[in-house]
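In terms of this note's numbering, the sequence shown is residues 507 to 758. Where is the CB? At the ideal position from N, CA and C, for every residue including glycine. Owing to the predicted nature of the structure, the values given are computational and were not obtained by experimental measurement. Written below as structure tokens is the structure these notes are about.
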Amino acid sequence: MINNLMLLLTSGNSEYYTRYTPSGFYGIDWTYVFVIIGFVICLIAKFNCERTFDKYKKVRSSSGLTGAEAARRILNNAGIYDVSITRVSGKMTDYYSPKDKRLALSDSTYDNTSVAAIGVAAHECGHAIQHDKGYVPVVLRSMIAPAVTICSKLSIPLIMLGFILSLYSTLVPLGIILFSVTVIFSIVTLPVEFNASHRALKILDSNGILGHDEVKKARKVLSAAAMTYVAGTISSALQLLRLILLSQRRRR
Ligand SMILES: [Zn+2]
């Protein structure tokens, strides 16, 4: 029982304790490489995102608008007047809440006049516009969101329980299916994020909130931020692949 749990958490190859196998070296399960790759990818994306934001946070926009002022202007131009703009603590903790129609801008965005802050604020406006226009991936994402909350909470405990009780054809596959739902959610999130940035940059350019060169800088910030979502999705997919490999190994 303990060995089965260790299999999921650490090794994945209980035979390694006694002998070398073609699938691994002493003390190392080769499928753990997926976890490490996912972790490193996420770390690089996060580091690059922060570095890019910090770089363009120092570049003041020629319009002199703050993130909050730019957001209000963008929303009004899109005919959206029922979305409130509030301030939240933290750095790059910005989000749009469709439930209470609220655009939450972080300390690093709200009253900052940089091209980075305006880019991020415009991106969140992009989400508000997506909801207003009924952008299909957003609708799809909202539909599966409640299920994802449950799946993300239950998947790993179910898989662990399946390994502990040796239920490799029932509980483990069920846990993996639930985990797959969270991976699908990550994949559906990607077009939502890319589209929000695309809308943002188009609006900033056409409304003259940022100059042409400033838009290029804002694009770098938003692209770096989008890469964190791509990295997260790759990491989840690799984790899913590892779980499938581990379950198949135990069924043999
Ligand atoms: Zn976003």
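Could you name the residues of the same chain whose beta carbon sits closer than 6 Å to that of residue i, not counting the 5 residues immediately before and after it, in chain order?
{"i": "V589", "result": "L581, K607, L609, A634"}
{"i": "K726", "result": "T558"}
{"i": "T599", "result": "S612"}
{"i": "R755", "result": "none"}
{"i": "D711", "result": "V721"}
{"i": "Y601", "result": "A610"}
{"i": "S658", "result": "T688"}
{"i": "C555", "result": "A730, A731, T734"}
{"i": "A584", "result": "I635"}
Within the same chain, show all residues whose beta-carbon is closer than 7 Å to that of residue i, passing over the 5 residues directly before and after it, in chain order.
{"i": "V621", "result": "Y562, V565, S567, L716, E720, K723, A724"}
{"i": "R578", "result": "I591"}
{"i": "K597", "result": "S612, D613, S614"}
{"i": "L696", "result": "Y735, V736, T739"}
{"i": "R705", "result": "G632, I635"}
{"i": "V644", "result": "Q636, H637, V698"}
{"i": "C548", "result": "A737, G738, S741"}
Can you say whether residue i is buried or exposed, counting buried as having 16 or more other CB atoms within 10 angstroms of its CB?
{"i": "F691", "result": "buried"}
{"i": "I543", "result": "exposed"}
{"i": "L744", "result": "buried"}
{"i": "F559", "result": "buried"}
{"i": "F546", "result": "For the record, residue 546 in the displayed sequence is Val; it is not Phe. Exposed, since its Cβ has fewer than 16 Cβ neighbours within 10 Å."}
{"i": "F553", "result": "exposed"}
{"i": "T676", "result": "exposed"}
{"i": "H629", "result": "buried"}
{"i": "G681", "result": "buried"}
{"i": "G640", "result": "exposed"}
{"i": "L728", "result": "buried"}
{"i": "A731", "result": "buried"}
{"i": "V539", "result": "exposed"}
{"i": "A576", "result": "buried"}
{"i": "T537", "result": "buried"}
{"i": "A651", "result": "exposed"}
{"i": "L707", "result": "buried"}
{"i": "I550", "result": "exposed"}
Nearest by alpha-carbon distance to residue i: which of the options is it?
{"i": "G714", "options": "S741, Q745, G570, L747", "result": "G570"}
{"i": "I693", "options": "C631, T739, S595", "result": "T739"}
{"i": "F685", "options": "A702, S661, V678, Y674", "result": "S661"}
{"i": "N618", "options": "A574, S741, H629", "result": "A574"}
{"i": "I683", "options": "Y602, I750, A584", "result": "I750"}
{"i": "V594", "options": "A576, A584, I586, Y616", "result": "Y616"}
{"i": "A627", "options": "S742, A702, L752", "result": "A702"}
{"i": "F632", "options": "T734, L549, I586", "result": "Here residue 632 is Gly; the residue named in the question, Phe, does not match the sequence. It is I586."}
{"i": "A623", "options": "P663, T572, C555, K659", "result": "T572"}
{"i": "E699", "options": "M733, C548, L664, Y538", "result": "M733"}
{"i": "G668", "options": "I709, L752, D535", "result": "L752"}
{"i": "M666", "options": "I650, P679, V689", "result": "P679"}
{"i": "S741", "options": "L707, V689, H718", "result": "V689"}
{"i": "P604", "options": "M649, N583, G625", "result": "M649"}
Give me, in chain order, the residues of the same chain whose beta-carbon lies closer than 8 Å to that of residue i; leave out the 5 immediate sequence neighbours on both sides.
{"i": "A653", "result": "V687"}
{"i": "V541", "result": "L744, Q745, R748"}
{"i": "R647", "result": "F691, V694, T695, V698"}
{"i": "Y674", "result": "G668, S753, R756, R757"}
Are any of the Cβ atoms in chain C nearer than 8 Å to that of residue i?
{"i": "M649", "result": "The chain inventory of the structure shown lacks chain C, comprising one protein chain alone."}
**Message:** Suppose only complete runs of 4+ residues qualify. What are the alpha helix (DSSP H) ranges in the stretch 567-628, listed by chain order?
**Reply:** Segments of the alpha helix (DSSP H) lying fully in the stretch 567-628: 573-583, 613-616.
**Request:** Only counting runs of 3 or more residues, tell me where the beta strand (DSSP E) segments fall wholly within the stretch 711-741, in order along the chain.
**Result:** none
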